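Chemist: Sequence order for the protein chains is A and B. Going by my numbering, 298 is the number at position 226 of the first sequence; the sequence numbering is gapless. Going by my numbering, 261 is the number at position 253 of the second sequence; the sequence numbering is gapless. Think of the CB as a built atom: it goes at the ideal place given N, C-alpha and C, for glycine as much as any other residue. None of these values were measured; they are calculated from a predicted model.
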Amino acid sequence: MNPVLVATSIAVRIGAKTLLDDVALSLGPGEVVALVGANGAGKSTLLRVLSGDLVPLAGSVRLNGRTLASYGPRALAGHRAVLSQSVSVAFPFTVAEIVRMGAGDGRGRRIDDLVEAALAEVDLGNFDERAITTLSGGEQQRAHFARVLVQLACGEATHGPGVLLLDEPTANLDLRHQLDVIAAAKSRAARGVTVVAILHDLNLAGLLAERIVVLNGGRIDSDGTPDQVITDAMLERVLGVADAVGRVPAEGTPFVLPHAARKLLPGKP
Amino acid sequence: MRVLVPPVLLVVLLLAAAVAATIGAAGIPFGRIAAAFGLAPGNPALVDRDWLVLWSIRLPRIALAIIIGGLLAACGAVMQGLFRNPLADPALVGVSSGAALAAAAMIVVGDRYLSSAGVTLPLEALPLAAFVGALASTMILYRIATREGRTSVAMFLLGGLAIAALANAGLGLLVFLADDRQLRDINFWMLGSLSGATWAKVGAIAPFLVALAFVLPFIARGLDLLVLGEMEAFHAGVSVERLKRTCVVLVAAAAGAAVSVSGVIGFVGLVVPHLLRLLIGPSHRLLLPTAALLGAALLVIADTFARTLAAPAELPIGIVTAVIGAPFFLYLLLRQRALLGP
Numbered sequence: 073m074n075p076v077l078v079a080t081s082i083a084v085r086i087g088a089k090t091l092l093d094d095v096a097l098s099l100g101p102g103e104v105v106a107l108v109g110a111n112g113a114g115k116s117t118l119l120r121v122l123s124g125d126l127v128p129l130a131g132s133v134r135l136n137g138r139t140l141a142s143y144g145p146r147a148l149a150g151h152r153a154v155l156s157q158s159v160s161v162a163f164p165f166t167v168a169e170i171v172r173m174g175a176g177d178g179r180g181r182r183i184d185d186l187v188e189a190a191l192a193e194v195d196l197g198n199f200d201e202r203a204i205t206t207l208s209g210g211e212q213q214r215a216h217f218a219r220v221l222v223q224l225a226c227g228e229a230t231h232g233p234g235v236l237l238l239d240e241p242t243a244n245l246d247l248r249h250q251l252d253v254i255a256a257a258k259s260r261a262a263r264g265v266t267v268v269a270i271l272h273d274l275n276l277a278g279l280l281a282e283r284i285v286v287l288n289g290g291r292i293d294s295d296g297t298p299d300q301v302i303t304d305a306m307l308e309r310v311l312g313v314a315d316a317v318g319r320v321p322a323e324g325t326p327f328v329l330p331h332a333a334r335k336l337l338p339g340k341p
Numbered sequence: 009m010r011v012l013v014p015p016v017l018l019v020v021l022l023l024a025a026a027v028a029a030t031i032g033a034a035g036i037p038f039g040r041i042a043a044a045f046g047l048a049p050g051n052p053a054l055v056d057r058d059w060l061v062l063w064s065i066r067l068p069r070i071a072l073a074i075i076i077g078g079l080l081a082a083c084g085a086v087m088q089g090l091f092r093n094p095l096a097d098p099a100l101v102g103v104s105s106g107a108a109l110a111a112a113a114m115i116v117v118g119d120r121y122l123s124s125a126g127v128t129l130p131l132e133a134l135p136l137a138a139f140v141g142a143l144a145s146t147m148i149l150y151r152i153a154t155r156e157g158r159t160s161v162a163m164f165l166l167g168g169l170a171i172a173a174l175a176n177a178g179l180g181l182l183v184f185l186a187d188d189r190q191l192r193d194i195n196f197w198m199l200g201s202l203s204g205a206t207w208a209k210v211g212a213i214a215p216f217l218v219a220l221a222f223v224l225p226f227i228a229r230g231l232d233l234l235v236l237g238e239m240e241a242f243h244a245g246v247s248v249e250r251l252k253r254t255c256v257v258l259v260a261a262a263a264g265a266a267v268s269v270s271g272v273i274g275f276v277g278l279v280v281p282h283l284l285r286l287l288i289g290p291s292h293r294l295l296l297p298t299a300a301l302l303g304a305a306l307l308v309i310a311d312t313f314a315r316t317l318a319a320p321a322e323l324p325i326g327i328v329t330a331v332i333g334a335p336f337f338l339y340l341l342l343r344q345r346a347l348l349g350p
């Protein structure tokens with residue numbers, strides 16, 4: 073199958089500091105990739121390059137065979153949706169208005185349904201008339217995720233399944249809503265949407281993605297299935313954490329494993 | 009509820025304009041206004057006199073108040089959206105400082121050197137100078153804030169402070185050089201006034217309101233998305249740089265035109281959008297046109313006070329808008345304290 077999103081030999085430098093160096097990545101339709109790595113490893117920079125925010129110093133990104141630069145902002149918005157790490161809204165728009173912004177100029181019954189479904193999907197069904205500025209950080213993030221889902225759905229209606237880029241989509245969320253986000257991303261992937269998500273929780277990364285790309289110092293350290301990638305050697309190399317894989321915490325310490333809730337997710341039992 | 013706001017504001021504006029037409033040095037009750045327009049029978053001697061007062065003095069002044077109020081309030085709403093800050097106003101793009109400096113220069117230098125050389129300054133010289141000053145300072149600011157095709161809103165804000173400080177220094181120098189009469193002229197210009205309204209002035213700035221009305225629907229969606237931040241607006245499909253450029257050019261031209269005719273009129277651009285946001289929500293699709301309507305109504309009312317409170321003298325309208333606007337603004341802020349956060 074033809075790849076949807078292809079990045080070739082990407083380099084990004086700010087001043088003397090190299091943020092990304094010779095990064096290459098190719099993603100197929102319906103593929104789900106988790107980007108992991110230490111703070112400052114270049115994950116967000118790579119996501120900004122993939123989204124078209126940041127023009128790399130060298131290399132290029134192709135979306136459906138065309139370079140990102142050849143798309144206008146509006147055309148690009150029809151093919152890919154992005155959830156940023158933290159969005160602060162300047163004026164007290166209602167949650168419904170914010171989510172509807174994902175539909176652009178779209179109006180009508182179909183958009184109303186999309187907005188309602190997206191709100192329900194992020195468990196904000198009763199928040200539609202609340203001012204977003206009065207919501208908690210996690211609730212705001214869910215509202216923005218719903219907005220991104222609406223944008224993705226509107227793009228899908230005209231151009232087919234697109235690309236979903238998520239920068240730490242679970243950062244401020246409780247476990248239940250983390251799983252909701254993972255479930256939403258997986259169900260989009262099942263329809264052919266290509267998903268790239270930055271995650272810090274390696275357990276969640278393994279739960280979401282069949283493929284994990286590890287960045288270290290602006291270069292790709294490893295790229296493969298969770299089984300291949302999440303190893304003691306990688307954690308030692310990339311995060312400086314030794315002997316963390318597959319160990320049960322000290323006797324008597326309660327711990328929560330997201331894998332136990334696998335039955336909440338679509339797909340594999 | 010929200011959809012009722014524009015028609016209600018339109019009615020308020022028309023009522024304010026009608027009442028304003030009746031009030032003045034020569035009171036003209038409603039019945040005689042209808043007669044002057046030939047809509048009702050009336051005393052022929054009164055009809056001619058009333059018509060003269062209405063057509064040559066009062067109506068152009070009301071029209072000027074409507075246009076300038078609409079321009080200032082709509083520009084204020086655009087600036088607040090562009091800067092993502094409810095405290096922004098058109099002065100932030102350097103319009104006021106540039107216009108004030110150029111106007112003062114025209115008052116002092118123009119008066120001193122050209123008049124003494126026997127050249128009489130045409131009446132249009134002052135507004136033209138102010139308009140050129142407004143555009144020039146915005147263009148300088150725009151060049152400072154733009155690097156590699158990207159305009160930094162933060163640079164605009166900080167650069168604007170520097171430009172305003174420079175313009176203020178120039179203004180201070182001109183005040184230092186000015187004689188008593190010029191000093192008074194400068195001061196009154198800085199406080200704003202709609203006196204000396206003519207149909208020619210109305211005709212000169214009406215196109216700016218028409219242009220604004222044309223462009224506003226196209227920038228409303230972009231300004232809504234800009235509320236999420238520049239990057240998020242781009243993700244959602246907005247040509248952010250083009251939007252910023254459009255807004256700056258629009259505000260510089262429209263607010264510059266308003267300021268050049270009336271002098272600096274404060275508070276309209278700040279209070280009107282703020283009040284409307286509490287009333288109809290922050291969405292720019294509704295905010296921009298209603299701001300123009302409410303700004304127009306407010307300025308018609310303020311100008312009616314300005315020309316009658318101290319009759320036969322006239323109060324500068326900037327005093328009236330501040331006296332009405334500032335306490336009302338404070339009242340709104342206090343009532344909405346909880347929403348503003350700690």
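By Cβ distance, which residues of its chain are closer than 8 Å to residue 314(B), with the 5 residues on each side in sequence left out?
Modeler: 201, 202, 322, 323, 324, 325, 327, 328, listed in sequence order.
Chemist: Within 8 Å (strictly less), CB to CB, does residue 236(B) reach chain A?
Modeler: Yes, residue 236(B) counts as interfacial toward chain A.
Chemist: Leaving out the 5 sequence neighbours to the left and right, which residues in its chain are closer than 6 Å to residue 10(B) when beta-carbon positions are compared?
Modeler: Contacts found: 288.
Chemist: At which residues does the beta strand (DSSP E) containing residue 109(A) begin and terminate?
Modeler: Looking at the DSSP string, the run of the beta strand (DSSP E) that includes residue 109(A) is 104 to 109.
Chemist: Would the beta-carbon of residue 118(A) fall within 8 Å of that of residue 241(A)?
Modeler: In this structure, residue 241(A) does not lie closer than 8 Å to residue 118(A) by Cβ.
Chemist: With H, G and I counted as helix, E and B as strand and the rest as coil, what does DSSP make of residue 263(A)?
Modeler: Correct three-state label for residue 263(A): coil.
Chemist: Please work out which residues of its chain come closer than 7 Å, Cβ to Cβ, to residue 154(B), disregarding the five sequence neighbours upstream and downstream, and give them in chain order.
Modeler: Excluding residues within five positions, none has a Cβ falling inside 7 Å.
Chemist: Tell me, please, whether the CB atom of residue 341(A) is closer than 8 Å to any CB atom in chain B?
Modeler: Unreliable positioning characterises residue 341(A) in this predicted model, as indicated by a pLDDT of 46, which lies under 50. The coordinate reading is nonetheless provided below. Output row for residue 341(A): interface = no.
Chemist: Counting pairs of Cβ atoms below 8 Å between the stretch 297 to 308 of chain B and the stretch 243 to 258 of chain B, do you hit three or more?
Modeler: The answer is no - the stretch 243 to 258 of chain B does not touch the stretch 297 to 308 of chain B, with fewer than three Cβ pairs under 8 Å.
Chemist: Could you tell me whether the stretch 98 to 112 of chain A touches the stretch 276 to 284 of chain A, using the rule of 3 or more Cβ pairs below 8 Å?
Modeler: Cβ pair count under 8 Å is three or more, so yes.
Chemist: Is there at least one Cβ from chain B nearer than 8 Å to residue 260(A)'s Cβ?
Modeler: It does not; no Cβ of chain B falls within 8 Å.
Chemist: Compare the C-alpha of residue 88(B) against each of 48(B), 97(B), 138(B) and name the closest.
Modeler: Comparing Cα positions, the closest option is 97(B).
Chemist: Cβ of residue 101(B) within 8 Å of Cβ of residue 259(B)?
Modeler: Contact: yes.
Chemist: Closer than 9 Å, Cβ to Cβ, to anything on chain B: give me those residues from the stretch 163 to 176 of chain A, in chain order.
Modeler: Residues 163, 164, 165, 166, 169, 170, 173, 174, 176.
Chemist: Does DSSP put residue 341(A) in a helix, in a strand, or in coil?
Modeler: In this prediction, residue 341(A) scores a pLDDT of 46, lower than 50, which makes its location untrustworthy; the coordinate-derived value is nonetheless stated afterwards. Three-state DSSP puts residue 341(A) in coil, outside helix and strand.
Chemist: Which residues in the same chain have their Cβ closer than 7 Å to the Cβ of residue 225(A), if we skip the five residues on either side of it in sequence?
Modeler: Once the five neighbours on either side are set aside, the close Cβ partners of residue 225(A) are 186.
Chemist: Verify whether the separation of the beta carbon atoms of residue 107(A) and residue 287(A) is less than 8 Å.
Modeler: Contact flag set, yes.
Chemist: At a CB-CB cut-off below 7 Å, which residues of chain A make contact with residue 120(B)?
Modeler: By Cβ distance, chain A contributes nothing, its closest Cβ being about 47 Å from residue 120(B), past 7 Å.
Chemist: So, at 7 Å on beta carbons, what are the nonlocal neighbours of residue 208(B) in its own chain, with the 5 sequence-adjacent residues on each side left out?
Modeler: For residue 208(B), where only same-chain residues beyond five positions count, there are no Cβ hits under 7 Å.
Chemist: Rounded to the nearest angstrom, how far is the Cβ of residue 78(A) from that of residue 134(A), given a contact under 8 Å?
Modeler: Correct: roughly 5 Å between the Cβ atoms.
Chemist: At a Cβ threshold of 8 Å, is residue 153(A) touching chain B?
Modeler: Taking Cβ atoms only, chain B reaches closer than 8 Å to residue 153(A), which makes this a yes.
Chemist: Restricting to Cα atoms, I'd like to know which of 74(B), 21(B), 35(B) is closest to residue 58(B).
Modeler: For the residues 74(B), 21(B), 35(B), the minimum Cα distance to residue 58(B) belongs to 35(B).
Chemist: In angstroms with no decimal places, state the Cα-to-Cα distance between residue 216(A) and residue 313(A).
Modeler: Taking the straight line from one Cα to the other gives about 33 Å.
Chemist: Once you ignore the five residues that flank residue 183(A) on each side, which residues in its own chain have a CB closer than 6 Å to its CB?
Modeler: Only 175 meet the Cβ criterion.
Chemist: Determine the DSSP secondary structure at residue 204(A), reduced to helix, strand or coil.
Modeler: Residue 204(A): helix per DSSP, three-state reduction.
Chemist: Short of 9 Å Cβ to Cβ, which residues in the stretch 138 to 150 of chain A face chain B?
Modeler: Going along the stretch 138 to 150 of chain A in chain order, one finds 144, 145, 146, 147, 148, 149, 150 with a Cβ nearer than 9 Å to chain B.
Chemist: Would you call residue 63(B) buried or exposed, if buried means 16 or more other Cβ atoms sit within 10 Å of its Cβ?
Modeler: Per the 10 Å Cβ criterion, exposed.
Chemist: Please say whether residue 65(B) and residue 308(B) have beta carbons closer to each other than 8 Å?
Modeler: Not a contact, by the Cβ cut-off of 8 Å.
Chemist: Comparing the CB of residue 233(B) with every heavy atom of the ligand FMN, is any distance shorter than 7 Å?
Modeler: Judged by which ligands are present, the structure shown has none, so any question about the ligand FMN falls away.
Chemist: Considering only their Cβ atoms, is the gap separating residue 227(B) from residue 199(B) smaller than 8 Å?
Modeler: No, the pair does not count as a contact, with Cβ atoms beyond the cut-off.
Chemist: Run the CB neighbour count on residue 246(A), radius 10 Å, all protein chains shown included, and call it buried at 16 or more, exposed below.
Modeler: Exposed: under 16 other Cβ atoms inside 10 Å.
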